[in-house]
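Numbering (our numbering), first residue to last: 17 to 77.
This report concerns only the one structure given below.
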């Protein structure tokens, strides 16, 4: 079964090496754009995962 809308999470890796939830966008495209912008803005690794835990994108600052 594939991922449906609203099943993505944008998370950033905080200084304590824990993933911190930022957003739950409606689509993979929106999630990837948000993750890239967050990574560039705060200078931390950011990822897009499904609610099942599958990683779709990973951005480094």
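For glycine and all other residues, C-beta sits at the position ideal for the given N, C-alpha and C.
This structure is a prediction, so every number in the text was calculated from the model and none was measured.
Which class does residue i belong to by DSSP, given the choice of helix, strand or coil?
| i | result |
| --- | --- |
| residue 71 | strand |
| residue 53 | helix |
| residue 43 | coil |
Give the straight-line distance between the Cα atoms of residue i and residue j, rounded to the nearest whole angstrom.
| i | j | result |
| --- | --- | --- |
| residue 33 | residue 55 | 15 Å |
| residue 58 | residue 27 | 12 Å |
| residue 24 | residue 39 | 8 Å |
| residue 61 | residue 71 | 13 Å |
| residue 65 | residue 41 | 11 Å |
Pull up the CB-CB distance for residue i and residue j, whole angstroms please, since I reckon it's below 8 Å.
| i | j | result |
| --- | --- | --- |
| residue 50 | residue 63 | 11 Å between Cβ atoms; not a contact. |
| residue 48 | residue 73 | 5 Å |
| residue 36 | residue 30 | 5 Å |
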